[in-house]
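Engineer: The structure that follows is given in the form of C-alpha cells.
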Amino acid sequence: KEKHKILHQLLQNSTSPVDL
Amino acid sequence: PEAADLRALSRHLYEAYLKYFPLTKAKARAILSGKTGDNAPFVIHDMKSLMEGEQFINCKQIPTQEHQPQTSCNILDAVELRFFHSCQSRSAEAVREVTEFAKSIPGFINLDLNDQVTLLKYGVIEVLIIMMAPLMNKDGTLIAYGQIFMTREFLKSLRKPFCQMMEPKFEFSVKFNTLELDDSDMALFLAVIILSGDRPGLLNVKPIEQLQETVLHALELQLKLNHPDSLQLFAKLLQKMTDLRQIVTDHVHLIQLLKKTEVDMCLHPLLQEIMKDLY
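Residue numbers (the working numbering), protein chains in the order written: chain A, 1 to 20; chain B, 1 to 279.
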C-alpha cells in the first residue's frame with residue numbers, strides 16, 4: 001500500500017489537485 | 001445484456017468523459033482546423049517561441065510543481081528539462097482526471113482496492129497516450145489544454161533522448177486518427193483499456209473481466225450504430241491495444257534512461273509511483 005500511496009489517495013478521494 | 005442497457009452504459013461513460021476531461025476531441029479538432037476564430041493556439045516551433053510559450057503557460061496558471069530544479073532554470077541547456085517538468089505536471093493532473101473517470105465506470109469502485117490500484121498503474125499511461133491522439137496531427141500537437149501547438153519538427157530537434165519521446169506517439173496517433181472515433185466512442189474504449197484483466201498482480205480477475213465484457217459489448221454496439229459504414233472497426237480498435245502496450249514499454253524505458261542520464265531530473269512522485277516496477 002505504501003508503494004502506491006498517492007494512487008490509493010486518489011482512489012479514496014483524499015488528494016486534491018493542489019496536493020498534486 | 002439488453003441493447004437498451006448497453007446504450008445507457010455508453011451514455012453514462014460519455015457523460016463522465018465530458019465531466020472529467022477538459023479538452024475533448026471535438027474541441028481539439030476545432031482548434032486544429034482553425035475553427036475557433038480569434039483563439040488560435042500559440043505556436044512553438046523553435047527555442048525562442050518555446051521561451052515565449054513558457055511565459056504564456058505561466059500566465060495561464062498551469063499548475064507548476066515544487067520539485068522543479070530552480071538552479072538550472074535560466075540556462076538555455078535546461079530548456080528541455082524545464083519543458084519536461086511542465087509535461088510531468090500536466091501528466092500528474094491527467095492521471096487524476098483518468099482516476100476520476102475510472103471511478104465512474106459502474107462496478108469499478110466495488111473491485112478490491114489493490115486491484116483498482118493495479119488497473120490504474122498499468123492502464124493510465126495507455127489511456128494518456130490514446131488521449132493524445134485527438135490532440136495531434138502529422139505536423140504537431142496541442143499542449144497546455146489546447147492553448148499551445150507544438151510542432152513535430154521542433155520536438156524532433158530537441159537533444160537526445162528528449163527528441164525520441166514524442167515521435168512514436170505521432171506515428172501511432174496519425175494511424176489511430178484514421179479510425180475517426182468521436183468522443184463518445186473514446187469514452188468506451190478508455191474504459192475497456194482500464195478494465196484489462198491481464199495486468200500483472202491482479203488478485204481477483206473474474207469481476208474485472210465481467211465488467212470489461214459488458215463495456216466491450218457496449219463498444220461494439222456503439223461502433224455499429226455510430227460508424228455503420230466502417231467495416232471491422234471494432235476489431236481494428238482492439239488490435240490497437242497491442243501496439244499501445246509496446247509504446248508504453250518503450251516510453252517507460254526512455255524515462256528510466258532519462259533518470260539515469262539527467263542529473264537535474266526529478267520525476268513527479270505520482271509518476272514515479274506508477275512507473276516503478278511497471279515493465
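Just so it is clear, CB atoms sit at the ideal spot from N, CA and C, and this is done for glycine as well.
Quick caveat, the model's predicted, so the values are computed rather than measured.
My output table needs one value for Y14(B): the three-state DSSP class, helix, strand or coil.
Structural biologist: In the structure shown, Y14(B) falls within a helical segment according to DSSP collapsed to helix, strand and coil.
Engineer: How about L120(B): is its C-beta nearer than 7 Å to some C-beta of chain A?
Structural biologist: At least one chain A Cβ lies under 7 Å of L120(B).
Engineer: What's the gap between the Cα of L270(B) and the Cα of G123(B)?
Structural biologist: 14 Å
Engineer: At which residue ranges does the segment 116-192 of chain B contain complete beta strand (DSSP E) runs of 3 or more residues, listed in the order of the chain?
Structural biologist: Counting only runs of 3+ residues, the beta strand (DSSP E) found wholly inside the segment 116-192 of chain B occupies 140-143 and 148-151, in chain order.
Engineer: To which residues of the same chain is I105(B) closer than 6 Å at the C-beta, ignoring the five residues directly before and after it?
Structural biologist: A191
Engineer: For D115(B), tell me which candidate among L179(B), D198(B) and Q222(B) has the shortest Cα-Cα distance.
Structural biologist: Ranking the options by Cα distance to D115(B), first place goes to D198(B).
Engineer: Determine, for Q61(B), whether the minimum Cβ-Cβ distance to residues of chain A falls below 7 Å.
Structural biologist: With a pLDDT of 42 at Q61(B), under the threshold of 50, the modelled position of this residue cannot be trusted; read the value that follows with caution. No - not a single Cβ of chain A is within 7 Å of the one on Q61(B).
Engineer: Out of curiosity, what's the CA-to-CA distance linking I62(B) and I143(B)?
Structural biologist: Unreliable placement is indicated for I62(B), whose pLDDT of 41 sits below 50; the coordinate value is still reported in the next sentence. If you take the alpha carbons of I62(B) and I143(B), they lie about 11 Å apart.
Engineer: With 16 other CB atoms within 10 Å as the buried threshold, where does I109(B) fall?
Structural biologist: exposed
Engineer: What residues in its chain sit with their C-beta under 7 Å from that of L233(B), if we drop five residues either side in the sequence?
Structural biologist: L179, L223 and H227
Engineer: Going by beta carbon distance, what residues of the same chain come within less than 7 Å of L203(B), once the five residues before and after it are set aside?
Structural biologist: D112, N114 and D115
Engineer: For a test of the three-state rule: what should DSSP assign to I44(B), helix, strand or coil?
Structural biologist: strand
Engineer: Measure the alpha-carbon distance for K240(B) versus D229(B) and round it to whole angstroms.
Structural biologist: 20 Å
Engineer: Which two residues bound the contiguous alpha helix (DSSP H) that contains N39(B)?
Structural biologist: Counting along the chain, N39(B) falls outside any alpha helix (DSSP H), and DSSP gives it neither H nor E.
Engineer: Nearest chain A C-beta to H67(B) closer than 7 Å, yes or no?
Structural biologist: With a pLDDT of only 46 at H67(B), under 50, the local geometry of the prediction cannot be trusted, and the value read off the model is given with reservation. At a cut-off of 7 Å, the C-beta of H67(B) has no neighbouring C-beta in chain A.
Engineer: Along the segment 120-137 of chain B, where does the CB come closer than 8 Å to a CB of chain A? Name the residues.
Structural biologist: L120 and K121
Engineer: Give the residues from the segment 9-35 of chain B that approach chain A closer than 8 Å (Cβ to any Cβ), ordered along the chain.
Structural biologist: none
Engineer: Would you verify that the beta carbon of Q88(B) is, or is not, closer than 7 Å to some beta carbon of chain A?
Structural biologist: no
Engineer: Given a limit of 7 Å on CB to CB distance, which residues of the segment 248-271 of chain B reach chain A?
Structural biologist: P269 and L270
Engineer: Would Q88(B) be called buried (16 or more neighbouring beta carbons within 10 Å of its own) or exposed?
Structural biologist: When all chains shown are included, Q88(B) counts as buried.
Engineer: When you compare only the Cα positions, how much space is there between I148(B) and T214(B)?
Structural biologist: In this structure, the straight-line span from the alpha carbon of I148(B) to that of T214(B) is close to 38 Å.
Engineer: Could one say the Cβ of R96(B) lies closer than 7 Å to chain A's Cβ atoms, at least one of them?
Structural biologist: True, the Cβ-Cβ gap to chain A drops below 7 Å.
Engineer: Report the rounded CA-to-CA distance for G236(B) versus S184(B), giving the unit in angstroms.
Structural biologist: The amino acid at residue 236(B) is misidentified as Gly; the sequence shows Lys. Answer to the nearest angstrom: the Cα atoms are 17 Å apart.
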